[in-house]
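Note that UniProt numbering has the sequence shown beginning at 1, numbered continuously upward.
Where a beta carbon is used, it is the ideal one built from N, C-alpha and C, also for glycine.
Fair warning: this is a prediction, and the values are worked out from it, not measured in the lab.
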Amino acid sequence: MFVDQVKIYVKGGDGGNGIVAYRREKYIPMGGPAGGDGGKGADVIFQVEEGLRTLMDFRFKKHFKANRGEHGMSKNQHGKNAEPMVVKVPPGTVVIDEATNNVIADLVQHGQRAVIAKGGRGGRGNSRFASPTNPAPEIAENGEPGQERNVILELKVLADVGLVGFPSVGKSTLLSVVSAAKPKIAEYHFTTIVPNLGVVAVDESRSFVMADLPGLIEGAHQGVGLGHQFLRHIERTRVIVHVIDMAGTEGRDPYEDYVTINEELKEYNLRLTERPQIIAANKMDMPEAEENLKAFKEKLPEDVQIFPISSVTNKGIKELLFAVADLLEHTEEFPLLSEETEIADNRVMYKHEADPRKFFISRDDDGAYVLSGEEIEKLFKMTDFSRDESIKRFARQLRTMGVDDELRERGAKDGDTIRLLEFEFEFVD
1 MFVDQVKIYV KGGDGGNGIV AYRREKYIPM GGPAGGDGGK GADVIFQVEE
51 GLRTLMDFRF KKHFKANRGE HGMSKNQHGK NAEPMVVKVP PGTVVIDEAT
101 NNVIADLVQH GQRAVIAKGG RGGRGNSRFA SPTNPAPEIA ENGEPGQERN
151 VILELKVLAD VGLVGFPSVG KSTLLSVVSA AKPKIAEYHF TTIVPNLGVV
201 AVDESRSFVM ADLPGLIEGA HQGVGLGHQF LRHIERTRVI VHVIDMAGTE
251 GRDPYEDYVT INEELKEYNL RLTERPQIIA ANKMDMPEAE ENLKAFKEKL
301 PEDVQIFPIS SVTNKGIKEL LFAVADLLEH TEEFPLLSEE TEIADNRVMY
351 KHEADPRKFF ISRDDDGAYV LSGEEIEKLF KMTDFSRDES IKRFARQLRT
401 MGVDDELRER GAKDGDTIRL LEFEFEFVD
């Protein structure tokens, strides 16, 4: 089964906790603080593995949680950093953040790596908090939480040339003739429901990868038929070979087919129309094909390249392949659209920008004040509430951030309940 889109959850490892410890050695009466720092949590790294072809493995394992760092130890010994969690993905994988819809990574080359979720830093031991005014601090930090996010993986086939056209125009037959690929071929629509790749050798020094992609029909850019599956994979191709049933064996008009397919490419992604396109007028061995080709040429500009071919008799195949190879030599790769790309004309780009505020205050139905926000939640998780000095430090940090003042402005009074994550405490004015 070919799987080309999945949603998974990834989480970097939490940092190890720092500890409170002191030197307790003979003849050293004033040993001082000796609590070590925690180790860094593991990153979640995606790495391209050339042998993989689909995202099938991710259908059975959808949660990837990296290991946390080792906790700090006495005698100022720091905890060990956790080893990165390496997840293998097939070449052509695009990683998208579900919350922002931004492209995190575009992985195409064997061995290429990208950090998808960063591990948290280790918490500091009490040695780090020593000062002339507080030479023996009772403070240590918990490890920083690792980054967590839901990501969408999309597999976009790595092919130089993409075959486009309505179902049953002969794309699979053409691929089977020009390469060693063995696509499924039958007399019904959507025989091809997964992309088929074939290496085409033109001469001793030139070859390219051709993809026979799922058939395209009107409305494909809105997901009709196998639309999105098809269009997702053609984004990487450099040259498009538009296969047209010139004999009109299914009663369709070849020119209308040509216009419809190009309109679908345009509607899906403006950049698809920038790719050079060659027309393969297929089924020229059939009756009425010559007549239809003549009428077809009259409706197109003279500079459009049209190659009459027959996948059954091999007529015109060689000329088509040489033209494609020549075009590839002068065509650069087209980068995929990402959040940094400017989109022209009538398209609007919405960008996700982090809110600069460090905390938010809301009210629950029971009247409790609810604190939330990434910054304040991280601070809370890194505080060791088993020690009074750490609690006092947390209270000072909230005051510095302006939490106390804003609670007063919202009407908070002595004894009111303040809720942060699943914990509650009282407001003291």
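{"Query": "Following a CB-centred definition, is A34 positioned closer than 6 Å to any heavy atom of the ligand ADP?", "Result": "This structure simply doesn't include the ligand ADP, nor any ligand for that matter."}
{"Query": "State the Cα-Cα distance for the pair G248 and P301, rounded to the nearest angstrom.", "Result": "21 Å"}
{"Query": "If we count the other Cβ atoms within 10 Å of its Cβ and call it buried at 16 or more, is Q277 buried or exposed?", "Result": "buried"}
{"Query": "Per DSSP, what kind of secondary structure is V304 in: helix, strand or coil?", "Result": "coil"}
{"Query": "Which word fits K7, buried or exposed, when buried means at least 16 other C-beta atoms lie within 10 angstroms of its C-beta?", "Result": "exposed"}
{"Query": "Beta-carbon within less than 8 Å of V177's beta-carbon, same chain only, minus the 5 sequence neighbours each way: which residues are those?", "Result": "S311, N314 and I317"}
{"Query": "For the putative contact between F166 and I261, defined by C-beta atoms under 8 Å, what is the C-beta separation to the nearest angstrom?", "Result": "7 Å"}
{"Query": "Based on the DSSP output, what are the partners of V10 in its beta bridges?", "Result": "F64 and R149"}
{"Query": "Does K80 come out as helix, strand or coil in the three-state DSSP assignment?", "Result": "coil"}
{"Query": "Is P287 helix, strand or coil by DSSP?", "Result": "coil"}
{"Query": "Cα separation between I193 and G170?", "Result": "Annotation note: pLDDT 49 at I193 (below 50); position unreliable, no value reported."}
{"Query": "Could you tell me which of E49, N67, D97 and R68 sits nearest to V89, measuring between CA atoms?", "Result": "E49"}
{"Query": "Considering Cα atoms alone, identify which of E377, D14 and F427 is closest to A368.", "Result": "F427"}
{"Query": "Residues in its own chain within less than 7 Å of D414 by CB, not counting five upstream and five downstream?", "Result": "F427, V428 and D429"}
{"Query": "Grab the span of the alpha helix (DSSP H) containing E98 for me, first residue to last.", "Result": "Counting along the chain, E98 falls outside any alpha helix (DSSP H), and DSSP gives it neither H nor E."}
{"Query": "Return the Cβ separation of D43 and V151 in integer angstroms, given the expectation that the two are a contact with Cβ distance under 8 Å.", "Result": "Not quite, the Cβ-Cβ distance comes to about 14 Å (not below 8 Å), so this is no contact."}
{"Query": "Mapping the DSSP letters down to three states, classify D404 as helix, strand or coil.", "Result": "helix"}
{"Query": "Quick one, are the C-beta atoms of G39 and G119 less than 7 Å apart?", "Result": "no"}
{"Query": "List the endpoints of the continuous alpha helix (DSSP H) containing F385.", "Result": "Per DSSP, F385 belongs to no alpha helix (DSSP H) and is neither H nor E."}
{"Query": "What does a CB cutoff of less than 6 Å around A105 pick up in its chain, not counting 5 residues either side in sequence?", "Result": "V95 and A114"}
{"Query": "Between which residues of its own chain and I19 is the CB-CB distance below 6 Å, once the five residues before and five after are set aside?", "Result": "G35, G72, G125 and A140"}
{"Query": "Determine the extent of the alpha helix (DSSP H) in which V324 is found, giving its start and end residues.", "Result": "I317 to E329"}
{"Query": "Hey, out of L272, G41 and R53, whose CA is closest to G148's CA?", "Result": "Residue identity check: residue 148 is Glu in the sequence provided, not Gly. Ranking L272, G41 and R53 by Cα distance to E148 puts G41 first."}
{"Query": "Among K80, K62 and K61, which has the Cα closest to the Cα of G69?", "Result": "K80"}
{"Query": "Determine the burial state of I240: buried for a count of at least 16 other Cβ atoms within 10 Å of its Cβ, exposed for fewer.", "Result": "buried"}
{"Query": "Should G123 and N17 be called a contact, given that it needs their Cβ atoms to be closer than 7 Å?", "Result": "yes"}
{"Query": "Expressed to the nearest angstrom, what Euclidean distance is found between the alpha-carbon atoms of E389 and T383?", "Result": "10 Å"}
{"Query": "Would you kindly report the start and end of the unbroken beta strand (DSSP E) that includes K88?", "Result": "M85 to V89"}
{"Query": "Let's test the definition: count the other Cβ atoms within 10 Å of the Cβ of I418 and tell me whether it reaches 16, buried, or not, exposed.", "Result": "buried"}
{"Query": "Going by the beta-carbon positions, is the gap between G198 and S168 smaller than 7 Å?", "Result": "no"}
{"Query": "Would you mind working out which of A211, V164, K65 and E204 sits nearest L175, comparing C-alpha positions?", "Result": "A211"}
{"Query": "Start and end of the beta strand (DSSP E) containing V115?", "Result": "R113 to A117"}
{"Query": "Comparing C-alpha positions only, which one of E267, K381 and R252 sits nearest to F296?", "Result": "R252"}
{"Query": "Where do the N-terminal and C-terminal ends of the beta strand (DSSP E) with V199 fall, by residue?", "Result": "N196 to A201"}
{"Query": "Distance, Cα to Cα, A21 vs P33?", "Result": "6 Å"}
{"Query": "Can you tell me whether Q397 is helix, strand or coil according to DSSP?", "Result": "helix"}
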